[in-house]
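Undergrad: Following this message is one structure expressed as structure tokens.
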Amino acid sequence: MRYGFLGPETTFTHQALLQALMGPLPVRPDDGEHTLVPYRSVAEAIGDLVAGDVDAMMAPIENSVEGGVSGTLDVLAATGGITIVAEQIVPITFVLATRVPSSLDALEAVYSHPHAQAQCQGFVRGNIPGASPQPALSTAAAAREIAELDDADPRARTAAAICSPLAAEHFGLHVVSEGIEDTKGAETRFVLVERDGLIPARTGADKTTIVAHLAHDRSGSLLEMLEVLSSNGVNLSRIESRPIGDALGRYSFSLDLEGHIEDRRVASALRGLHRICSRIVFLGSYSRADGSVPYVVDHNTDTAYEEARSFVAGLEALIARD
Ligand SMILES: O=C(O)C(=O)C[C@]1(C(=O)O)C=C[C@@H](O)C=C1
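Mapping the sequence shown onto UniProt numbering, position 237 (from 1) lands on 237, and the numbers just tick up by one.
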């Protein structure tokens, strides 16, 4: 199989993909032959996934500090025929690294992915307030950019990358400071996406990702949507509003539901949402990386739904027909 990822090698996305390939992969038979293809952006990787150039791709979707990765959420929501089949969680720690040995006082520019910049802004403000943040396509792209500077270039001493310890080592950089993230213990969640993917079977510890568009812009519309989830006992692990883009004030909701589409309560909630929303995009039901099994009250178990269905079916059988 060919796997796309946000590159170059040693991004956190690359680490998430390697982590996924170490375990059993859902849905597709694993031939043991893995080709890893780095991309400059998630959008490019998804384009190639849809075109058939790669069979699957890994993308960051949520960070414990910064929340949803909007670039990924938007491109997933807008692309038909793709399915999330697995998730991975990677612990996040950053170093500040330069081309040649340098010190914090000498630094004038800090390169990194905007999400990494955001997670280290307190450190940068407190320790190198004069340094300007410079965007890079990924943390490893920033490390590579710094590594490729000529020793004679003044930026070899004054420009640093915010990247993973692995990227600093891989690109031969000098670590000026380590553990520079503002929140210790931060994690990023990544999803493995396939084209026309089958839905992996229920494990009992699953998550379902959908995007819902409210049918009406009026008070109570969002509450109605949440009530459908609540009455079916479906807990949310993430809810985010994303602008639809065609006019101000028009938003869709990106949701992670606890449970699998094969759970009757999740299927029933989706049927309810389908009735009240103008559009539902189903992005996948897949095993949770943390293995956490949701608490389901007796009246929301599959058995309770089956008994309720049989009860109504029994009554329907009594309806007089001409
Ligand atoms: O640049 C990388 O290394 C990535 O994998 C991207 C990304 C992100 O999009 O959030 C992943 C994890 C970190 O939180 C910072 C950056």
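For every residue, glycine included, the Cβ atom is placed at its ideal position computed from N, Cα and C. As the structure is a prediction and not an experimental result, all values here were calculated from the model.
Would residue 149 and residue 99 be called neighbours here (beta carbons separated by less than 7 Å)?
TA: For the purposes of this step, residue 149 is identified with residue 149 of the sequence shown, where counting begins at 1. For the purposes of this step, residue 99 is identified with residue 99 of the sequence shown, where counting begins at 1. The answer is yes: Cβ separation under 7 Å.
Undergrad: Using three-state DSSP, classify residue 318 as helix, strand or coil.
TA: By 1-based counting over the sequence shown, the position of residue 318 is 318. It is coil, neither helix nor strand.
Undergrad: Relative to the C-alpha of residue 167, which candidate in 97, 80, 322 and 109 has its C-alpha closest?
TA: For the purposes of this step, residue 167 is taken as the residue at position 167 of the sequence shown. Nearest of 97, 80, 322 and 109 to residue 167, Cα basis: 97.
Undergrad: From 5, 311 and 283, pick the residue whose C-alpha is nearest to that of residue 73; which is it?
TA: Translated into the one-based positions of the sequence shown, residue 73 becomes position 73. Checking every option, the nearest Cα to that of residue 73 belongs to 283.
Undergrad: For residue 252, name the three-state secondary structure that DSSP assigns.
TA: Counted from its first residue, the sequence shown places residue 252 at position 252. Residue 252: strand per DSSP, three-state reduction.
Undergrad: Using a Cβ-Cβ cutoff of less than 7 Å, which residues in the same chain neighbour residue 8 once the five nearest sequence positions on both sides are dropped?
TA: In the sequence shown, counting from the first residue as 1, residue 8 sits at position 8. Taken in chain order, the residues that qualify are 38, 140, 141 and 144.
Undergrad: Does ligand 1 have even one heavy atom less than 6 Å from the beta-carbon of residue 12?
TA: Working through the sequence shown from its first residue, we reach residue 12 at position 12. Yes, Cβ of residue 12 sits closer than 6 Å to a heavy atom of ligand 1.
Undergrad: Please determine whether the Cβ atom of residue 60 lies at a distance below 6 Å from any heavy atom of ligand 1.
TA: Against the sequence shown, residue 60 aligns to sequence position 60. Yes, ligand 1 has a heavy atom inside 6 Å of this Cβ.
Undergrad: How would you write the range of the beta strand (DSSP E) that residue 225 sits in, first residue to last?
TA: Mapped onto the sequence shown, residue 225 falls at position 225. Run containing residue 225: none in the beta strand (DSSP E); it sits in the alpha helix (DSSP H), 221-231.
Undergrad: Along the chain, where does the beta strand (DSSP E) that runs through residue 282 open and close?
TA: Counting from one through the sequence shown, the residue named residue 282 turns up at place 282. Segment 277-287, the beta strand (DSSP E) holding residue 282.
Undergrad: As an exercise, report each continuous alpha helix (DSSP H) stretch of at least 4 residues that is fully enclosed by the stretch 34-93, in chain order.
TA: Within the stretch 34-93, the complete alpha helix (DSSP H) runs of at least 4 residues are 42-51 and 70-78.
Undergrad: If I follow the unbroken alpha helix (DSSP H) through residue 166, where does it start and stop?
TA: Working through the sequence shown from its first residue, we reach residue 166 at position 166. Counting along the chain, the alpha helix (DSSP H) containing residue 166 begins and ends at 165-170.
Undergrad: Over the uninterrupted beta strand (DSSP E) stretch that includes residue 242, give me the two end residues.
TA: One-based indexing of the sequence shown puts residue 242 at position 242. It spans 236-243 - the beta strand (DSSP E) in which residue 242 sits, taken as one unbroken run.
Undergrad: Can residue 327 and residue 207 be called in contact, C-beta distance under 7 Å?
TA: Absent from the model: residue 327. The displayed extent of the chain is 1 to 322, so no value can be given.
Undergrad: So for residue 146, helix, strand or coil by DSSP?
TA: Counting from one through the sequence shown, the residue named residue 146 turns up at place 146. It is helical.
Undergrad: Considering only the alpha carbon of each residue, which of 221, 138, 220 and 272 lies closest to residue 228?
TA: What you label residue 228 is simply residue 228 of the sequence shown in a count that begins at 1. Comparing Cα-Cα distances from residue 228 to each of 221, 138, 220 and 272, the minimum goes to 272.
Undergrad: Going along the chain, which residues of its own chain have a beta-carbon closer than 7 Å to the beta-carbon of residue 181, five neighbours each way excluded?
TA: Walking along the sequence shown from the start, residue 181 turns up at place 181. Answer for residue 181: 92, 93, 94, 119 and 120, listed in chain order.
Undergrad: Count the other C-beta atoms from every protein chain shown that fall within 10 angstroms of the C-beta of residue 295, then say buried if there are 16 or more, exposed otherwise.
TA: Walking along the sequence shown from the start, residue 295 turns up at place 295. Exposed is the call here.
Undergrad: By a C-beta neighbour count over all protein chains shown, 10 Å radius and 16 as the cutoff for buried, is residue 235 buried or exposed?
TA: Here residue 235 refers to the residue found at position 235 of the sequence shown. Exposed is the call here.
Undergrad: Is the Cβ-Cβ distance between residue 109 and residue 134 less than 7 Å?
TA: Locating residue 109 in the sequence shown gives position 109, where the first residue counts as 1. Locating residue 134 in the sequence shown gives position 134, where the first residue counts as 1. Yes.
Undergrad: In the structure shown, what three-state DSSP assignment does residue 188 receive?
TA: In the sequence shown, residue 188 corresponds to position 188, counting from 1. The answer is strand: DSSP assigns residue 188 an E or B state.
Undergrad: Since residue 215 is in the beta strand (DSSP E), which residue starts that stretch and which ends it?
TA: To locate residue 215, count along the sequence shown from 1; it is residue 215. Segment: none, residue 215 is in no beta strand (DSSP E) and carries neither H nor E.
Undergrad: Mind checking whether the beta-carbon of residue 93 lies closer than 6 Å to any heavy atom of ligand 1?
TA: Position 93 of the sequence shown, counted from the first residue, corresponds to residue 93. For ligand 1, not one heavy atom lies less than 6 Å from the Cβ of residue 93.
Undergrad: Could you say which of 21, 13 and 23 lies nearest to residue 40 if we only look at CA atoms?
TA: Counting from 1 along the sequence shown, the entry for residue 40 is found at position 40. The option with the nearest alpha carbon to residue 40 is 13.
Undergrad: Please identify the residue among 212, 265, 322 and 159 whose C-alpha is closest to the C-alpha of residue 231.
TA: Looking up residue 231 in the sequence shown gives position 231. Answer by Cα proximity: 265.
Undergrad: Counting pairs of beta carbons, one from the stretch 163-179 and one from the stretch 251-270, are three or more of them closer than 8 Å?
TA: At 8 Å Cβ cutoff, the stretches do not touch.
Undergrad: Quick check on this structure: which residue in 268, 223, 209 and 246 has the alpha carbon closest to the alpha carbon of residue 86?
TA: Taking the sequence shown and counting its residues from 1, one reaches residue 86 at position 86. Ranking the options by Cα distance to residue 86, first place goes to 209.
Undergrad: State the Cα-Cα distance for the pair residue 188 and residue 44, rounded to the nearest angstrom.
TA: In the sequence shown, counting from the first residue as 1, residue 188 sits at position 188. In the sequence shown, counting from the first residue as 1, residue 44 sits at position 44. When rounded, the distance between both Cα atoms is 21 Å.
Undergrad: Residues bridged to residue 112 by DSSP?
TA: To locate residue 112, count along the sequence shown from 1; it is residue 112. DSSP, once it has assigned bridges, lists 135 as partnering residue 112.
Undergrad: Do residue 69 and ligand 1 come close, with the Cβ less than 6 Å from some heavy atom?
TA: Here residue 69 refers to the residue found at position 69 when the sequence shown is read from its first residue. Result yes, Cβ under 6 Å from ligand 1.
Undergrad: Pick out whichever of 106, 153 and 17 has its Cα sitting closest to the Cα of residue 130.
TA: For this step, residue 130 is matched to residue 130 along the sequence shown. The residue with the shortest Cα to Cα distance from residue 130 is 106.
Undergrad: For ligand 1, is there a heavy atom less than 6 Å away from the beta-carbon of residue 102?
TA: For the purposes of this step, residue 102 is taken as the residue at position 102 of the sequence shown. No, since every heavy atom of ligand 1 falls outside the 6 Å radius drawn around the Cβ of residue 102.
Undergrad: Report the CB separation of residue 278 from residue 215 in whole angstroms; it is logged as a contact under 8 Å.
TA: Locating residue 278 in the sequence shown gives position 278, counting from the first residue. Locating residue 215 in the sequence shown gives position 215, counting from the first residue. Indeed they touch by this definition, with Cβ atoms about 4 Å apart.
Undergrad: Going by the C-beta, is residue 138 closer than 6 Å to any heavy atom of ligand 1?
TA: Here residue 138 refers to the residue found at position 138 when the sequence shown is read from its first residue. Yes, ligand 1 has a heavy atom inside 6 Å of this Cβ.
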